[in-house]
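In the numbering used here, the protein residues as written are 11 to 240.
And the structure:
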């Protein structure tokens, strides 16, 4: 493939959101809360919250603010409406402190030698930058939802990557662990690579092992680097 740039879904593909959020929930709220169930409930509100923006029910709202709105619902359902605003704000920062999967740093480091690398995430810029600084993710730039004021799978998000990189879509490879993300990217002319992340939901929700329509299906970013000769 004549690929010049790789753009990445982040939550679930590059970082382990479930373990990271659960760790922070346990630290902030203590051992009396089922931290993984808390993380799962919070994540389950992720797509519905963005849909409110996509349909116009809400004006453009960065993901940190959507996470804060969703958190209020999680705490209310848990019977923890007593949690104060400062603690809620600290919990939202859990999404800034997620750890990469074990293969990510070595894989991205290899890929960065010959390709432009950028997140194409629904995360807001401050969130993505904080995450990258903490985890050592070697992005060349930040792309994604906040740049264009749209959430995936809106076409504007995928169209922005080749436009801002001054490349034809066929020279941009979208990398994701979610087939629906790759389907939307292919519809805009991007090449696609599926990464199998069986532990994203703690092994309770098994994803497909491959995407038959993707240009590549791999089990790690190291394997992706090998396929691309990096």
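Think of the CB as a built atom: it goes at the ideal place given N, C-alpha and C, for glycine as much as any other residue. The structure displayed is predicted, hence computed values, not measured ones.
Rounded straight-line distance, which links the Cα of residue j to that of residue i
i	j	result
residue 7	residue 90	With the chain represented from 11 up to 240, any question about residue 7 goes unanswered, as that position is not in the structure.
residue 47	residue 236	36 Å
residue 146	residue 59	29 Å
residue 63	residue 161	8 Å
residue 223	residue 92	48 Å
residue 75	residue 240	38 Å
residue 142	residue 150	11 Å
residue 88	residue 50	13 Å
residue 110	residue 197	28 Å
residue 28	residue 220	22 Å
residue 11	residue 84	44 Å
residue 39	residue 172	43 Å
residue 106	residue 178	32 Å
Contact check, residue i vs residue j, beta carbons under 8 Å
i	j	result
residue 98	residue 73	no
residue 116	residue 13	no
residue 184	residue 25	no
residue 21	residue 180	no
residue 203	residue 169	no
residue 154	residue 133	yes
residue 238	residue 118	no
residue 148	residue 187	no
residue 167	residue 175	no
residue 86	residue 35	no
residue 125	residue 15	yes
Simplified DSSP assignment, three categories, for residue i
i	result
residue 216	coil
residue 110	strand
residue 89	coil
residue 15	strand
residue 21	strand
residue 229	coil
residue 183	strand
residue 211	coil
residue 47	helix
residue 123	coil
residue 223	coil
residue 240	coil
residue 77	helix
Span of the beta strand (DSSP E) around residue i
i	result
residue 56	Here residue 56 belongs to no beta strand (DSSP E); instead the alpha helix (DSSP H) covers 56-64.
residue 204	201-205
residue 129	126-131
Assigned exposure category for residue i - 16 Cβ within 10 Å defines buried
i	result
residue 144	exposed
residue 201	buried
residue 70	exposed
residue 210	buried
residue 65	exposed
residue 129	buried
residue 31	buried
residue 152	buried
residue 247	With the chain running from 11 to 240 in the structure shown, residue 247 is simply not present.
Start and end residues, alpha helix (DSSP H) containing residue i
i	result
residue 141	135-145
residue 7	Here the chain has residues from 11 to 240 only, and residue 7 is not among them.
residue 151	Careful: residue 151 lies outside any alpha helix (DSSP H) and carries neither H nor E.
residue 98	95-102
residue 67	Counting along the chain, residue 67 falls outside any alpha helix (DSSP H), and DSSP gives it neither H nor E.
residue 167	165-175
residue 190	189-197
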